Amino acid sequence: MEPFLVHIRCDTDGYTHAVTEDEFAAGRHDGRFRAVCGHVVLAAPMIEAPGRFDPVCRDVLRDAPAEPSVPRQERRRSRWRARR
Numbered sequence: 458m459e460p461f462l463v464h465i466r467c468d469t470d471g472y473t474h475a476v477t478e479d480e481f482a483a484g485r486h487d488g489r490f491r492a493v494c495g496h497v498v499l500a501a502p503m504i505e506a507p508g509r510f511d512p513v514c515r516d517v518l519r520d521a522p523a524e525p526s527v528p529r530q531e532r533r534r535s536r537w538r539a540r541r
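For the sequence shown, our numbering begins at 458 and goes up steadily by one.
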């Protein structure tokens with residue numbers, strides 16, 4: 458069974474990235490999602506049109522086995538939270 462993918466436009470790089478359903482659920486509260494390429498996506502407002510599809514995500518999905526694995530990337534703590 459193929460995993461369900463959500464396509465989310467990143468506000469920082471303008472690309473539309475592929476995000477697995479599990480990663481979408483994990484990041485839905487803070488608006489940051491880890492894409493299949495490993496990039497941490499800061500979701501753009503949903504009224505914006507989708508951007509170009511990220512070439513790294515495209516390559517990962519083309520070469521992927523049935524279940525794409527999401528590379529682990531250390532999440533940085535937001536600066537505004539660190540100042541509290």
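Every residue gets a Cβ at the ideal spot worked out from N, C-alpha and C, and that includes glycine.
Since this is a predicted model, take the numbers as computed values, not measurements.
A residue is called buried once 16 or more other Cβ atoms fall within 10 Å of its Cβ, and D487, having fewer, is exposed.
Annotation: the continuous alpha helix (DSSP H) that includes A482 extends over E478 to G484. Judged by their CB atoms, F510 and V498 are not nearer to each other than the 8 Å cut-off. In the DSSP annotation of this structure, the continuous segment of the beta strand (DSSP E) that includes R491 starts and ends at R489 to R491. Around the beta carbon of R485, a 10 Å sphere encloses fewer than 16 other beta carbons of the protein chains shown; the residue is thus reported as exposed.
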